[in-house]
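Q: Let me begin by handing over the structure; questions about it come next.
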Amino acid sequence: MSERRQDYKRHGSRYKARMRAVDILFEAESRDVDPVAIIDDRHKLARDTNPIVAPVAEYTETIINGVAVELDTLDVFLAEHIAETWTLGRLPSVDRAILRVASWEMIYNTDVPVTTAIVEAVEIASEYSGDKSSAYINATLDAMASKVETLRERAANPEAVLAEASESLDDAPVAPWDDSDEDFEAVDAAEVFEAEETVEVSEVAEDSEVSKVSEEKADES
Numbered sequence: 001m002s003e004r005r006q007d008y009k010r011h012g013s014r015y016k017a018r019m020r021a022v023d024i025l026f027e028a029e030s031r032d033v034d035p036v037a038i039i040d041d042r043h044k045l046a047r048d049t050n051p052i053v054a055p056v057a058e059y060t061e062t063i064i065n066g067v068a069v070e071l072d073t074l075d076v077f078l079a080e081h082i083a084e085t086w087t088l089g090r091l092p093s094v095d096r097a098i099l100r101v102a103s104w105e106m107i108y109n110t111d112v113p114v115t116t117a118i119v120e121a122v123e124i125a126s127e128y129s130g131d132k133s134s135a136y137i138n139a140t141l142d143a144m145a146s147k148v149e150t151l152r153e154r155a156a157n158p159e160a161v162l163a164e165a166s167e168s169l170d171d172a173p174v175a176p177w178d179d180s181d182e183d184f185e186a187v188d189a190a191e192v193f194e195a196e197e198t199v200e201v202s203e204v205a206e207d208s209e210v211s212k213v214s215e216e217k218a219d220e221s
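FYI, the numbering for the sequence shown is 1 to 221, going by full-length UniProt numbering.
This is the structure in structure tokens:
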């Protein structure tokens with residue numbers, strides 16, 4: 001048995017339910033479908049005579065239903081607390097899923113200790129992502145934890161939360177390590193092309209001035 005599998009086994013059913021919720025949210029975003037619909041599909045497949053998927057745990061379904069209902073509010077809160085050099089809309093999809101699961105637990109499921117939600121989110125990030133992901137996920141959730149009571153009060157009035165959101169979640173700069181986004185690469189390429197074009201124009205203008213001076217000297221002689 002691998003070391004990774006042993007680590008996974010040490011966790012309880014809630015941890016596994018969170019991991020599967022992250023899986024489903026990631027799949028839903030990748031396929032652009034409702035995560036609740038994926039849960040329904042999983043239930044049907046698990047009831048087949050020869051099931052090809054495992055049944056969905058009750059707590060996984062609770063998380064998915066909660067995140068689906070409160071998604072807009074959660075994203076506003078996450079965008080408010082994520083570091084300025086990052087942006088929720090341009091993070092890797094799996095990191096968004098982890099943040100949404102943990103923030104939903106922190107704000108909407110008071111049965112789960114805030115510390116537990118954060119610690120397990122960071123552990124899931126270490127399983128699915130890298131060191132950078134674990135670090136900024138931890139920092140973001142810690143920032144939310146410091147004012148969790150206020151966030152819970154605000155969450156009771158989601159219309160007001162959305163009305164207060166003055167900027168789009170996609171307006172912030174691209175995460176510095178996100179080099180997989182085509183639009184970001186296209187912008188960089190366009191900037192390089194524009195810079196090269198400017199140099200070429202300048203060189204042409206400079207050559208023209210040199211030619212003009214040479215002609216004037218020739219006329220004087």
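We put the CB at the ideal spot given by N, CA and C, even for glycine.
Values in this document were obtained by computation on a predicted structure and should not be read as measured data.
Rounded to whole angstroms, how far is the Cβ of Y128 from the Cβ of V101, which I believe are closer than 8 Å?
A: Mapped onto the sequence shown, residue 128 falls at position 128. Mapped onto the sequence shown, residue 101 falls at position 101. 12 Å between Cβ atoms; not a contact.
Q: Out of D40, T49, G66, which has the shortest C-alpha to C-alpha gap to N109?
A: In the sequence shown, counting from the first residue as 1, residue 109 sits at position 109. Out of D40, T49, G66, G66 has the C-alpha closest to the C-alpha of N109.
Q: Starting from the C-beta of A186, find all residues in its chain whose C-beta is less than 7 Å away, skip the five residues before and the five after it, and write them out in chain order.
A: Stepping through the sequence shown from its first residue, residue 186 is reached at position 186. Only weak support exists for where A186 lies, its pLDDT of 29 falling under 50; the value from the coordinates is given anyway. Excluding residues within five positions, none has a Cβ falling inside 7 Å.
Q: With a floor of 4 residues, list each alpha helix (DSSP H) that falls wholly inside the UniProt domain "NusB/RsmB/TIM44" (16-145), ordered by position along the chain.
A: Segments of the alpha helix (DSSP H) lying fully in the UniProt domain "NusB/RsmB/TIM44" (16-145): 35-46, 58-81, 93-108, 114-128, 131-145.
Q: Does the structure place the region 55-75 close enough to the region 24-42 that three or more beta carbon pairs sit under 8 Å?
A: They touch, by the three-pair rule.
Q: Please report the Cβ distance between I107 and L151, rounded to the nearest whole angstrom; I am assuming they are in contact, meaning their Cβ atoms lie under 8 Å.
A: Walking along the sequence shown from the start, residue 107 turns up at place 107. Walking along the sequence shown from the start, residue 151 turns up at place 151. Going by Cβ atoms, the distance from I107 to L151 rounds to 5 Å, so yes, they are a contact pair.
Q: Between the beta-carbon of I38 and the beta-carbon of A46, is there less than 7 Å?
A: Translated into positions along the sequence shown, residue 38 becomes position 38. Translated into positions along the sequence shown, residue 46 becomes position 46. No, the Cβ-Cβ distance between I38 and A46 is not below 7 Å.
Q: Could you check where the alpha helix (DSSP H) with A160 kicks off and where it finishes?
A: Here residue 160 refers to the residue found at position 160 when the sequence shown is read from its first residue. That run of the alpha helix (DSSP H) goes 158-164.
Q: Measuring CA to CA, which of I124, V76, M144, T85 is closest to P158?
A: Counting from 1 along the sequence shown, the entry for residue 158 is found at position 158. Taking only the C-alpha atoms, the option nearest P158 is V76.
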